[in-house]
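Have a look at the structure below, then the notes.
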């Protein structure tokens, strides 16, 4: 009986040991599979993929710096010439006409042509609009046109980002995916906070400089974006059989 009890105890210990080894192996496999299969083992490509996520964060950051920064700089310009409140409202609301009407079309274009291309076009348009934005509040029509263009351009930002993130959802795993989404979303609030903190001082001395800074950082972002996305490709979406 003692021998039988000893054998049973040994068998139990062996079973527990085997289970622990299997769990450790499964955890290592899950961690390995959480990385993109196309880029696994290639540190250079993987680092560029991380750079793409950071640049997506930066584009939301710059978008909200633009929104807050324009309001600060334009208010300063319009107050200097004692512009009517109705004109101020028309200029400041112009952005939202473009932004509201471009969301659905931009989502379709992002799905059709890819989020990378649409995000590139978006920042090009925003940069162009910043360049043509006059530092004179009396140029009412040009200000409204520039803000409508910015609204249309920024209407493509989130549809493009989410189109690209959707391609990576399965391959990077839920933990990395939720981290990427949280990082990119935080750019909105951080951009607003930084703009409110730093741009009033810039607008106090030279309001037009705010627009020039927006154009400059748009060009810098485009250079980094093109360099990072040139060698990073998202994994193909898993195809599901269509029901007859």
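Residue numbers (this note's numbering): 65 to 308. Every residue, glycine too, gets a C-beta built ideally from N, C-alpha and C. Just so we're clear, the structure is a prediction, and the values are computed from it rather than from any experiment.
Query                                                                                                                                                     : Result
What is the DSSP secondary structure of residue 198, counted as helix, strand or coil?                                                                    : coil
Here's the rule I'm using: 16 or more other beta-carbon atoms within 10 Å means buried, otherwise exposed. How should residue 242 be labelled?            : exposed
Go through its chain and collect everything with a Cβ distance to residue 121's Cβ below 8 Å, but skip five positions before and after it.                : 247, 248, 250, 251
Please go through the stretch 161-224 and give each complete alpha helix (DSSP H) segment of 4 or more residues, from N-terminal end onward.              : 179-196, 204-218
Does the beta-carbon distance from residue 125 to residue 255 come in below 8 Å?                                                                          : yes
Given a cut-off of 8 Å, decide if residue 217 and residue 189 are closer than it, judged by their beta-carbon atoms.                                      : yes
Please look up how many angstroms separate the CB atoms of residue 215 and residue 159, rounded, as I've assumed it's under 8 Å.                          : 4 Å
If you check the beta carbons only, do residue 166 and residue 210 fall under 8 Å apart?                                                                  : no
For residue 275, count the other beta carbons within 10 Å of its own beta carbon; 16 or more makes it buried, fewer makes it exposed. Which is it?        : buried
Have a look at residue 270 and residue 137 and give me their C-alpha separation to the nearest angstrom.                                                  : 8 Å
Taking only the alpha-carbon atoms, compute the straight-line gap between residue 182 and residue 140 and give it to the nearest angstrom.                : 33 Å
At which residues does the alpha helix (DSSP H) containing residue 278 begin and terminate?                                                               : 271-293
Could you check the C-alpha separation between residue 202 and residue 147 for me, to the nearest Å?                                                      : 8 Å
Check whether the Cβ atoms of residue 123 and residue 285 sit closer than 8 Å, and answer yes or no.                                                      : yes
My guess is that residue 162 and residue 212 are in contact by the Cβ rule of under 8 Å, so how many angstroms apart are they, rounded?                   : 4 Å
Tell me whether the beta-carbon of residue 292 lies closer than 8 Å to the beta-carbon of residue 119.                                                    : yes
So, at 7 Å on beta carbons, what are the nonlocal neighbours of residue 37 in its own chain, with the 5 sequence-adjacent residues on each side left out? : Residue 37 is absent from the structure shown; the chain starts at 65 and stops at 308.
Can you grab the Cα-Cα spacing for the pair residue 127 / residue 134, in whole Å?                                                                        : 11 Å
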